[in-house]
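The number in the numbering used here is simply the position in the sequence shown, starting from 1, with 1280 added.
Think of the CB as a built atom: it goes at the ideal place given N, C-alpha and C, for glycine as much as any other residue.
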Amino acid sequence: MLKQKDFGIVAALRKNSRSSLTRLSKTTGVPISTIFDRLKGYRKLVIKKFTCILNLGLLGYSSHAFFVYTICKSKRSRLRAYLLEHPNVNSVYRINHKYDFLIEVVFKDILAQESFVDRTEDLFSVRPKHMFYVVESIAKEKFMTDMRLFKDRRRISQEVNKRIDAF
């Protein structure tokens, strides 16, 4: 389990993973040497990967969707391998409740996306049970980015309740 100061460091990194040690120290109130040591310990255990979030539309990828698939057990591992190797598959999740996979895909246009769906159906005799087209991305990678919640852990539920009441 992480200590309270660790949650502050993680929250600051979640907000901007390119922050310098000096900025992290100023933001969290934790000494630079402590942050340096903690970051070494976080790698591979707490932090899986340092990455960036792309504006897919500006890169020419206007079709962004999520699919839910159900497939027989005998073909599950083959479909999984296919999805993991496909360049337009952004995320793959194994899920429950009558479904096997939740897949996030990104394509230049809907025609290319439909071609992917048809090919996947032909190869694995599977159809998406549900297709959800992303109209607007409102929030992404937001979890654990608010450092105020970690400064005083006793107030977390109070802060959350205030935010809920504000809606």
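Q) In terms of residues, what are the limits of the beta strand (DSSP E) holding V1397? A) Under the DSSP assignment, V1397 falls outside any beta strand (DSSP E), being part of the alpha helix (DSSP H) whose first and last residues are I1390 to F1404.
Q. Taking the alpha helix (DSSP H) that R1323 falls in, what are its first and last residues?
A. Careful: R1323 lies outside any alpha helix (DSSP H) and carries neither H nor E.
Q | Terminal residues of the beta strand (DSSP E) in which F1346 lies | A | According to the DSSP assignment, F1346 belongs to the beta strand (DSSP E) that extends over S1343 to Y1349.
Q: Using only alpha-carbon positions, find the residue among S1395, Y1379, I1390 and T1400 that is nearest to H1410.
A: That would be Y1379, whose Cα lies nearest to the Cα of H1410.
Q. Around the C-beta of I1383, are 16 or more other C-beta atoms found within 10 angstroms, so that it is buried, or is it exposed?
A. With 16 or more Cβ atoms within 10 Å of its Cβ, I1383 is classed as buried.
(Q) Is it buried or exposed, Y1349, if we count other Cβ atoms within 10 angstroms and call 16 or more buried? (A) Classification for Y1349: buried.
Q: Would you decide whether L1359 is buried or exposed? Buried here means 16 or more other CB atoms lie within 10 Å of its CB.
A: Classification of L1359: buried, given that the 10 Å Cβ count is 16 or more.
Q | Closest residue to E1401 among S1371, I1375 and F1347 (Cα-Cα distance) | A | Ranking the options by Cα distance to E1401, first place goes to F1347.
(Q) With three or more beta-carbon pairs closer than 8 Å as the criterion, would you say the segment 1361-1370 touches the segment 1382-1399? (A) The segment 1361-1370, when compared against the segment 1382-1399, does touch it at the 8 Å Cβ threshold.
Q: Assign I1289 to one of three DSSP states: helix, strand, or coil.
A: I1289 falls in the helix class under three-state DSSP.
Q | Length-filtered (4 minimum) alpha helix (DSSP H) runs lying within the segment 1346-1387 | A | Taken in chain order, the whole alpha helix (DSSP H) runs of length 4 or more contained in the segment 1346-1387 are 1353-1365.
**Q.** Residues of its chain near I1312, where Cβ-Cβ distance is below 6 Å and the 5 sequence neighbours each way are ignored
**A.** Taking I1312 as the centre and dropping the five residues before and after it, the same chain places the C-beta of L1301 and S1305 closer than 6 Å to its C-beta, in chain order.
Q) Between S1343 and the rest of its own chain, which residues show a CB-CB distance below 6 Å, the 5 nearest in sequence each way excluded? A) Hits under 6 Å: F1387, D1389, I1390 and Q1393.
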